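Note that UniProt numbering gives residue 4 to position 4 of the sequence shown, counting from 1, and the numbers run on in steps of one. Glycine included, C-beta positions come from ideal geometry on N, C-alpha and C. Quick caveat: nothing in here was measured; it's all calculated off a predicted structure.
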Amino acid sequence: MTSWPRLFSLPYFILGVLFTYLAIKSAHETVWNVSTIALAAFAAFDFGTAFRLFFAPKR
1 MTSWPRLFSL
11 PYFILGVLFT
21 YLAIKSAHET
31 VWNVSTIALA
41 AFAAFDFGTA
51 FRLFFAPKR
């Protein structure tokens, strides 16, 4: 079975966009609350994974 890392990067990128949107919406008065920082951390992880899979060398 052939794996397509570029195809697998798409859900991670979509989740990164979703978590970024939710982090922006959860920042009411300040960005220094637990929910905003946690959502931003999840978004950073998802974007990092998506970019790593997208730019993975072809085997």
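Taking the alpha-carbon positions, what's the residue i to residue j distance?
i, j, result
"A38", "A56", "27 Å"
"L7", "L15", "14 Å"
"D46", "F54", "12 Å"
"T36", "P11", "21 Å"
Looking only at C-alpha atoms, which of the options sits nearest to residue i?
i, options, result
"A44", "P5, S3, Y21, W4", "Y21"
"A40", "L18, P11, W4, P5", "L18"
"T49", "N33, F13, H28", "F13"
If we count the other Cβ atoms within 10 Å of its Cβ and call it buried at 16 or more, is residue i buried or exposed?
i, result
"M1", "At M1 the pLDDT is 46, less than 50, meaning the model places this residue with poor confidence and gives no usable figure here."
"S9", "buried"
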